[in-house]
Amino acid sequence: MASCSELAWPEVDLWKNLIIISSNSSSIVDSFETFYYYNKNMLFGKKHLSAVKCCVRNPLLIAPDNFCRQLCTKSKSPIERKEFKKVLVANRVKLLFIRSVGIYSEQDVNQMHRLKADEAYLVGRGMTAVSAYLNIHEIIKLAKMHDVDAIHPGYGFLSERADFAQACNDASITFIGPPPEVMLRMGDKISARVAAAEAGVSVVPGIENPIENAEEAAEFGKQYGFPVIFKAAYGGGGRGMRRVNKLDEVQEAFNRATSEALAAFGNGLMFVEKFIERPRHIEVQILGDMYGNIVHLYERDCSVQRRHQKIIEIAPAPNLDPQKRQLMLDDAVRLARHVKYENAGTVEFLLDQDGRHYFIEVNARLQVEHTVTEDITGVDLVQAQVRIAEGKSLEDLHLRQDLVTPIGSALQCRITAEDPSMDFCPDSGRIEVFRSGEGMGIRIDSASAYAGALVSPYYDSLLVKVIAHSRNYKTTVNKMMRALKEFRIRGVKTNIPFLLNVLNNQRFLDGLVDTCFIDENPDLFKFVPSQNRAQKLLRFLKDVKVNGPMTPLVTGIPSAKVTPIVPEYDTRPLLKGWRDVLLEKGPVNFAKEIRKNKGLLLTDTTFRDAHQSLLATRVRTYDLQRIAPFLAHAMPNLFSLEMWGGATFDVSMRFLHECPWERLEILRKQVPNIPFQMLLRGANAVGYTNYPDNVVVKFCELAKKSGIDVFRIFDSLNYMPNIILGGVIETAISYTGDVADPNREMYSLNYYLKLAEEIVKAGTHILCIKDMAGLLKPNSSKVLLSALRDRFPDLPIHVHSHDTAGVAVASMLACVEAGADIVDVAVDSMSGMTSQPSMGAMYSAYWELARQLYGPFECTTTMKSGNADVYVHEIPGGQYTNLQFQAYSLGLGDKFEQIKRKYVEADALLGKLIKVTPTSKIVGDLAQFMVHNNLDGPTLLKQASTLSFPESVVQFMQGLVGQPPYGFPEPLRTQILRHRERIDGRPGESLHPVDFESLRQELQQKHEKQIRDVHVISYAMYPKVTDDFLTFVEKYGPVDKLPTHAFFMGLSNGEEIDVELEKGKSMRIKMLAKSSLNAEGEREVFLELNGQLRSFLVKDKEASKDYTSHPKADPAVIGSVGAPMPGEVLQIKVKEGDVVKMKTPLIVITAMKMEMIIESPLDGVVKTVFAKPAMKCQAGDLLVLVENHSAGCLSSSSSSSSSSSSFPSSLIQSTEFDLLNRLTDGCCSSKEPLECGSSREIARRSLE
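Here the sequence shown is numbered in UniProt numbering, starting from 1 and rising by one per residue.
Spelled out as structure tokens, the structure:
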């Protein structure tokens, strides 16, 4: 038996075999290196040491715990117990207890962690974003300069660098983490594997030493088989990891993993091991103090991963066999004891499908997901780290294994600035709105997620961690879903939609996920797009505030700040109207009822042709739907409302940024008793060329389904094969000439009677005379209508005209006297001149004010009254003022009279056409072409074989519009076409049917909006217009909800508007101010949304013209390869002229410590490389242009859609001049209406 007096203090560390029993614990300590619990109130002193007894083999001592603790260290001197006064956080996280010192890079100067720290200092001036936080020397120097007691390494960067921990020790600064030697051993994944094997813990087969080249990895793969996985030897977090499935992937995977690890951790060494298929990723949280004690805080399931990075963590792991759990917990503690682990750490395992677990690594630091462990155990891990580093023991912290019990279930979701639909490409930018979910059991951990925060491309994309805690797994998931749905983060894309899909997945709900869960569930990437309507509308208003109207304005008259007053009306149930007759009796009997009617029936054109003729087709659904209920109640006896079709279709999308189909559906609900009438251009449908038959048939089917009752169908050439297509109700004969003039040989009375005979034989319910230019004089009206009535006594006749010459009222009266059943009129304030004749003042007051909203398109700036010269030039009413607008837009306002004269010449050159869309546009294009190039008729005919004519003229001569009644003009046709193909017959017959499903898939790939049948048919006719419209709506939201003045002109400072998004949901927007220009060419716009301040930075396009900007990739061109995310060009793998295959790596970019390989989207030749080494790029910046070498031209997505439907290429092309055409006339897209001399430059300058 040993006596206390016999044992001198210097001999303490010789007691290697001493068995020590703490006087305050029944635990037996195997050796002095092992720490056990102690009572912090006991005082150390040799006098308290007493030998009680000894055993045969070993001396046995009982002593106070403080003495035991001293024996359990390698040092002879007592451990110094500290109390930190100042701690430096060597990272981008915050530590808000004790006095904190933060560090920040130049790129992080505006980040919240800098502002939250008690003190903050810049590190790495002039260095890259990552290098700044890896600058050990400067961090230590800064810590000493500012009397820092300890350094907490945070997450990532230096947190697992043993040399950093050693540097702290050398500088007499406490490192809050494991000792350097432990970090060195555990940080090296190979030595960690060795340690695990020594401790009896199973490891995954792998190499014993870091590899230096890809050849060594290839040999390993050949020996053990693929797949294998590369891992960074000195890092984690999913970076520097690459799975390799086959031998030919080894080199590229090695290069990327090495480069990524070097950038993230400062060390690119790799090791390789066998890849375990479909494992669960289970990690055990451990804590150790300086006295050898280790406790585990149970496990976390981190199996929901992408790119080996965790997305969702759960504690404890659901549906885990208790025996398997205990084995992993025991292995984690045994390994920690074996390596003498101190402070916080995580031991990670893979659990295979057979229930075998394998050690993979130790994270010798605190992990991002430590929060779920804190929630189920109640242990503050960060506080424990600090207290342990201060010298306190686990017993001091009341942490005994038998006292650590998991309570309930916790789940953490990492909300990141990433786009899951783009393979989780990181996003960066300014957070415009940040609102978090809250409530019982919800914890939010965030450093830099707030309104106005800048998400940089330099660091991890994590924005905020959301932790839910409840009594069981199911209720925890429900809480998390509720919280995530309450989040509103605008300005950057986030993974919230993806997280919600995961939480709703049944496999996840059942707790049966493994690391392949995301890859095997493609439905997780099918997102319901967030509406985000308010923010999108604010984006629209702020862009208009800085850069002016989104819709090109023509006149100098502003949109008036008025609100038209809807007249009062009887709100009792609606009276029956002619639509009720149609629905009850069907089309045939409907026509008979019209003939039986004793009075004159009226069609109101205010909703379409009136505003097309007077206001350039710019009247919005917003103003139409306000007056529509009044019409339904006050005017049920109207024969129809002409409210759809013609130019309104594409103008709605192109300039008003609203869906024409939605307009039809909205108004149909409001006016259920009056028939809706549309203008259908025969085989042109609502387009400007011929389409395949199935397009027109499908269009009519959807129009009928959406609410159209009366199809007024016509053909610009009165070409019968085009007219009879589609089974219409009302067939129109387009009128031109003068049937009362015996000297006119073309378009005589016999011509119209013969055409009417053919129409009636084909089958029609109503015959329409469409006088689009207002050429029907009273006398001509009597001649034509009397003859038609005599020939067809039982057929209803409908007459449409324009009041351009000021005699339409007289002409319509003459038509009625001669037997017309229905005539087209417009409300007083929207009638006359190029519109229809007046119908009376019943609801004129509303439209008188509403018309003031459309001052920017007002025809009266150029046309003050009716003009009889229409009988000479025969310009249609819907085109007349549009040509004037076009002339002013091109700077040719003083030459409009010349344009009208050239219009007559152009018409004669083309064979005296019936001028209605699209032939009116063809004549107009040729007239402007002649004015721009100073050509008269004879000169044009002489030079025709050498001129580049407008594409619309070329298509007409090819026969793509149809066959003119008096044939094509020769030799002009031959001179224009030269060797081009001709079509003799109905164009639709030569066009292949459109594959609608293919178009749907093409649209769905481009746009987040749910694609409806109506979008597909719109895309079939207007590919670019529809594409642009959907893109606009995705960016700016439902702009059709904005008041008209705000839509066209934006808001002035202090102006406030109410916007009703849907029934019962409205918002108030107030414009506050815009700032002066900053150094980047931007202005800050300040608004209030429902009283809350919002601000946006907007690039001033005019002021920033002098700023150099990188070209953007064109989404419509497949070979136009852009940056998928903001970042830096790391490597350029091709050069101009290289032949590449699809999937050939082109560029490697790096962002947020992640590398991404950008591959070629097609087989071809590299035409241009725009990327430069180390170039900073933004999402969408053009990097490489790949040319389809087999086709000899750039591949275009729109051209592919064109080929699938066999459309002429001109249908999908749009140019500067085409914009001007559509600005005024809503005309068809054309390749280059003006291509000679300076005309293109004139058009371009006018647009600029």
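Where a beta carbon is used, it is the ideal one built from N, C-alpha and C, also for glycine.
Predicted, not measured: the structure shown is a model, and the values here were computed from it.
Problem - Length of the line joining the Cα atoms of F956 and L947 - result: One-based indexing of the sequence shown puts residue 956 at position 956. One-based indexing of the sequence shown puts residue 947 at position 947. Here the C-alpha atom of F956 lies approximately 16 Å from the C-alpha atom of L947.
Handout entry: Where the beta strand (DSSP E) through C768 begins and ends
Key = Residue 768 sits at position 768 when you count from the first residue of the sequence shown. Start and end: I766 to K770.
Handout entry: Cβ-based neighbour list, E374, same chain, cut-off 7 Å, excluding 5 preceding and 5 following
Key = Here residue 374 corresponds to residue number 374 of the sequence shown, with the count starting at 1. Answer for E374: D380 and L381, listed in chain order.
Exercise for the section: Note the first and the last residue of the continuous beta strand (DSSP E) segment covering residue 1249. Expected result: In this structure the chain extends from 1 to 1248, so residue 1249 is not present and cannot be described.
Practice task
With DSSP collapsed to three states, give me the class of A90.
Solution key: Locating residue 90 in the sequence shown gives position 90, counting from the first residue. Here A90 sits in coil by DSSP.
Exercise for the section: Kindly indicate the opening and closing residues of the beta strand (DSSP E) around E273. Expected result: Here residue 273 refers to the residue found at position 273 of the sequence shown. Taken as a continuous stretch (DSSP letters only), the beta strand (DSSP E) holding E273 covers M270 to K274.
Handout entry: Buried versus exposed, by CB contacts within 10 Å (16 or more), C413
Key = Counting from one through the sequence shown, the residue named residue 413 turns up at place 413. By the neighbour-count rule (16 or more Cβ atoms within 10 Å), C413 is buried.
Exercise for the section: In angstroms with no decimal places, state the Cα-to-Cα distance between H992 and M481. Expected result: Counted from its first residue, the sequence shown places residue 992 at position 992. Counted from its first residue, the sequence shown places residue 481 at position 481. In a straight line, the C-alpha of H992 is about 49 Å away from that of M481.
Problem - DSSP state of Y1022 mapped onto helix, strand, coil - result: In the sequence shown, residue 1022 corresponds to position 1022, counting from 1. Here Y1022 sits in coil by DSSP.
Handout entry: Option nearest F968 by Cα separation, candidates R488, T919 and K1009
Key = For the purposes of this step, residue 968 is taken as the residue at position 968 of the sequence shown. Among R488, T919 and K1009, the Cα nearest to that of F968 belongs to T919.
Exercise for the section: Out of L775, S945, A120 and T605, point me to the one whose CA is closest to I822's CA. Expected result: For the purposes of this step, residue 822 is taken as the residue at position 822 of the sequence shown. Nearest option by C-alpha distance: T605.
Exercise for the section: Please name the residue, chosen from I797, P965, L977 and Q670, that lies closest to S952 on a Cα-to-Cα basis. Expected result: One-based indexing of the sequence shown puts residue 952 at position 952. Just measuring C-alpha positions, the residue of I797, P965, L977 and Q670 sitting nearest S952 is L977.
Practice task
Using beta-carbon positions only, say whether I674 and L624 come within less than 7 Å of one another.
Solution key: If you number the sequence shown from 1, residue 674 lands on position 674. If you number the sequence shown from 1, residue 624 lands on position 624. Going by C-beta atoms, I674 is not nearer than 7 Å to L624.
Exercise for the section: Could you tell me whether the Cβ atoms of K189 and F271 are closer together than 7 Å? Expected result: In the sequence shown, residue 189 corresponds to position 189, counting from 1. In the sequence shown, residue 271 corresponds to position 271, counting from 1. Between K189 and F271, the CB-CB gap stays under 7 Å.
Practice task
Please determine, among L909, M186 and L115, the residue with the shortest C-alpha to C-alpha distance to residue 1249.
Solution key: There is no way to answer for residue 1249, as the model of the chain reaches only from 1 to 1248.
Handout entry: Same chain, Cβ closer than 6 Å to S202, neighbours up to 5 away in sequence not counted
Key = What you label residue 202 is simply residue 202 of the sequence shown in a count that begins at 1. Excluding positions up to five away in sequence, the list reads Y358.
Problem - Buried versus exposed call for M1 [16 or more other C-beta atoms within 10 Å across all chains shown] - result: For the purposes of this step, residue 1 is taken as residue 1 along the sequence shown, with counting starting at 1. At M1 the pLDDT is 35, less than 50, meaning the model places this residue with poor confidence; the figure from the coordinates comes in the next sentence. Around the C-beta of M1, fewer than 16 other C-beta atoms lie within 10 Å, and the residue is accordingly described as exposed.
Exercise for the section: Decide yes or no for the touch test of the segment 330-350 against the segment 275-290: beta carbon pairs closer than 8 Å, at least 3 of them. Expected result: Short answer: they touch.
Practice task
Pull up the CB-CB distance for residue 1255 and I766, whole angstroms please, since I reckon it's below 8 Å.
Solution key: Here the chain comprises residues numbered 1 to 1248, so residue 1255 is not present and cannot be evaluated.
Handout entry: Per-residue DSSP class, three states only, for R180
Key = In the sequence shown, counting from the first residue as 1, residue 180 sits at position 180. With the sequence shown as reference, residue 180 is identified as Pro, and Arg is not the correct amino acid for it. Note: P180 maps to helix in three-state DSSP.
Problem - Segment limits, beta strand (DSSP E) that includes L1183 - result: What you label residue 1183 is simply residue 1183 of the sequence shown in a count that begins at 1. Segment L1182 to E1187, the beta strand (DSSP E) holding L1183.
Problem - Length-filtered (3 minimum) beta strand (DSSP E) runs lying within the segment 1106-1142 - result: 1120-1122 and 1127-1132, all fully within the segment 1106-1142.
Handout entry: 7 Å Cβ cutoff met for E642 and Q677
Key = Sequence index remark: in the sequence shown, residue 642 carries index 642 (1-based). Sequence index remark: in the sequence shown, residue 677 carries index 677 (1-based). Taking a C-beta distance under 7 Å as the contact criterion, E642 and Q677 qualify as a contact pair.
Exercise for the section: Could you check how far apart the C-beta atoms of V89 and S100 are, in whole angstroms? I think they sit under 8 Å. Expected result: Counting from one through the sequence shown, the residue named residue 89 turns up at place 89. Counting from one through the sequence shown, the residue named residue 100 turns up at place 100. Confirmed, about 6 Å.
Handout entry: For S706 and G408, the rounded distance between their alpha carbons
Key = For the purposes of this step, residue 408 is taken as residue 408 along the sequence shown, with counting starting at 1. For the purposes of this step, residue 706 is taken as residue 706 along the sequence shown, with counting starting at 1. Their backbone Cα atoms lie some 53 Å apart in a straight line.
Problem - According to DSSP, residues forming a beta bridge with W644 - result: Stepping through the sequence shown from its first residue, residue 644 is reached at position 644. In the DSSP output, where bridge partners are listed per residue, W644 has M678.
Handout entry: Residue nearest to V372 in terms of C-alpha spacing, selected from V333, H469, K392 and Y291
Key = Against the sequence shown, residue 372 aligns to sequence position 372. For the set V333, H469, K392 and Y291, the Cα lying nearest the Cα of V372 is the one of H469.
Exercise for the section: Would you mind sorting L784 into buried or exposed? The rule is 16 or more other CB atoms within 10 Å of its CB. Expected result: Here residue 784 refers to the residue found at position 784 of the sequence shown. Looking at its Cβ environment, which holds 16 or more other Cβ atoms inside 10 Å, L784 is buried.
Exercise for the section: Apply the 10 Å Cβ neighbour rule to Q535 and answer buried if 16 or more other Cβ atoms are within range, or exposed otherwise. Expected result: In the sequence shown, the residue the question calls residue 535 occupies position 535. That one is buried.
Exercise for the section: Please list, in chain order, all residues of the same chain as E1056 whose beta carbon is under 6 Å from its beta carbon, the five residues on each side excluded. Expected result: What you label residue 1056 is simply residue 1056 of the sequence shown in a count that begins at 1. Contacts found: K1070.
Exercise for the section: Could you name each continuous alpha helix (DSSP H) segment of 4 residues or more that falls completely within the segment 613-637, going from the start of the chain to the end? Expected result: Complete alpha helix (DSSP H) runs here, min 4: 621-634.
Handout entry: Extent of the continuous beta strand (DSSP E) run through R99
Key = In the sequence shown, the residue the question calls residue 99 occupies position 99. Residues R99 to Y104.
Handout entry: Same chain, Cβ closer than 7 Å to G924, five either side skipped, listed in chain order
Key = Working through the sequence shown from its first residue, we reach residue 924 at position 924. Around G924: Q879, L883 and Y903.
Practice task
Mind checking which residues open and close the beta strand (DSSP E) that includes Q367?
Solution key: The residue you call residue 367 lines up with position 367 of the sequence shown. Element bounds for Q367: n/a, residue is neither H nor E.
Problem - Straight-line gap, N779 to T939 (C-alpha atoms, nearest Å) - result: Translated into the one-based positions of the sequence shown, residue 779 becomes position 779. Translated into the one-based positions of the sequence shown, residue 939 becomes position 939. Cα to Cα, the separation comes out at about 38 Å.
Practice task
Using beta-carbon positions only, say whether K545 and V1085 come within less than 7 Å of one another.
Solution key: Position 545 of the sequence shown, counting from 1, holds the residue named residue 545. Position 1085 of the sequence shown, counting from 1, holds the residue named residue 1085. In this structure, V1085 lies closer than 7 Å to K545 by Cβ.
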